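Asker: Residue numbers -16 to 166, in the working numbering, belong to the letters of the sequence shown in order. Every residue, glycine too, gets a C-beta built ideally from N, C-alpha and C. In this text the structure is predicted, and so the values were computed from the model without any measurement. Quick one: this structure, given as structure tokens, is what I'll be asking you about.
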Amino acid sequence: MRPSAVFTTLFFAASVLALPLNTTPVNAALEPVKRDAAPLANSVIEKREPIDLTSVTDAADDAVDILTGLLPVILSTVSDLDATINSLLSGAESDVDGTLDSVKSTLESTIDELNAVLAGLDVSGALDSLSELTSTIAAVQTLVADVEALAGTVDVSSTLSDVEGLVSELLNILSGLLTSLKH
């Protein structure tokens, strides 16, 4: 063995066996811990106040109120659009492209407004009555049928295809809302 290895071994052995100069009795070794722990055992834990969630619940209630107020507006809008499509079907309106552009614009704004209200809103079981929603869905289904009938009577344009897509999207949103409310 090398002399440095022998010296290191002897040094470690002596260090382990050496007693510190300030030796204390073995049963007194835990006394500082007992002194530190004593105040904790006698302390009173403060009770925290519950968190006030009224602002969150009020915001959710406001969103549901907005949705409830929006359904009659959507129903009225869809009824007006259906009347416009029917005027095209009957031949009372001759400007097909201008009318379809107007219908497309109205549908886009209606869908955007509905999506803005529904974004991040959990509406499951929130509405008291589903009658407004089901009547709105029925009106949109009527509009779908009329738009499909219009496709058979006029030249199919990209605007009419856009209108068909938007009406289908509106129907899907409202049907999804109805499904989430029933569960």
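(1) Would you say leucine 126 and valine 61 are within 8 Å of each other, going by their C-beta atoms?
(2) Just to confirm before moving on: does the CB-CB distance between valine 123 and leucine 153 stay below 8 Å?
(3) Do you know offhand how far alanine 99's Cα is from leucine 143's?
(4) Using the Cα positions of leucine 157 and leucine 116, report the straight-line distance between them to the nearest angstrom.
(5) Under DSSP, the alpha helix (DSSP H) around aspartate 129 begins and ends at which residues?
(6) Under a Cβ-count criterion, where at least 16 other Cβ atoms within 10 Å of its own Cβ denotes burial, should valine -11 be classed as buried or exposed?
(7) Whole angstroms are fine: how far does the CA of glycine 148 sit from the CA of arginine 31?
(8) Please report the Cβ distance between leucine 90 and isoleucine 57, rounded to the nearest whole angstrom; I am assuming they are in contact, meaning their Cβ atoms lie under 8 Å.
(9) Kindly list the residues whose CB is nearer than 6 Å to the CB of serine 70, restricted to its own chain and excluding five residues on each side of it in sequence; keep chain order.
(10) How far does the alpha helix (DSSP H) with isoleucine 94 in it extend, from its first residue to its last?
(11) So aspartate 138 and leucine 72 are supposed to be a Cβ contact under 8 Å. How far apart are they, rounded?
(12) For my contact list, isoleucine 206 and leucine 161 are in at a C-beta cut-off of 8 Å; report their separation, rounded to the angstrom.
(13) Candidates Ser114, Gly74, Lys87: which alpha carbon is nearest proline 55's?
(14) Check each candidate in Ile68, Thr(-9), Leu(-7), Ser88 and name the one with the smallest Cα separation from glycine 135.
(15) Let me make sure I understand the geometry here. Which of Lys87, Ser163, Ala(-4) has the alpha-carbon closest to that of serine 140?
(16) In this structure, does DSSP put glycine 174 in helix, strand or coil?
(17) Assuming leucine 83 contacts valine 146 under a Cβ cut-off of 8 Å, what Cβ separation, rounded to an integer in Å, is found between them?
(18) Taking the alpha-carbon positions, what's the alanine 66 to serine 59 distance?
(19) Rounded to a whole number of angstroms, what is the C-alpha to C-alpha distance between aspartate 133 and glycine 74?
Answerer: For this structure:
(1) yes
(2) yes
(3) 25 Å
(4) 7 Å
(5) 114 to 136
(6) exposed
(7) 54 Å
(8) So it is not a contact: roughly 10 Å between Cβ atoms.
(9) Glu76
(10) 79 to 101
(11) 14 Å between Cβ atoms; not a contact.
(12) Absent from the model: residue 206. The displayed extent of the chain is -16 to 166, so no value can be given.
(13) Ser114
(14) Ile68
(15) Lys87
(16) The requested residue 174 does not occur in the structure, where the chain is confined to residues -16 to 166.
(17) 6 Å
(18) 11 Å
(19) The amino acid at residue 133 is misidentified as aspartate; the sequence shows leucine. Cα-Cα distance, rounded: 11 Å.
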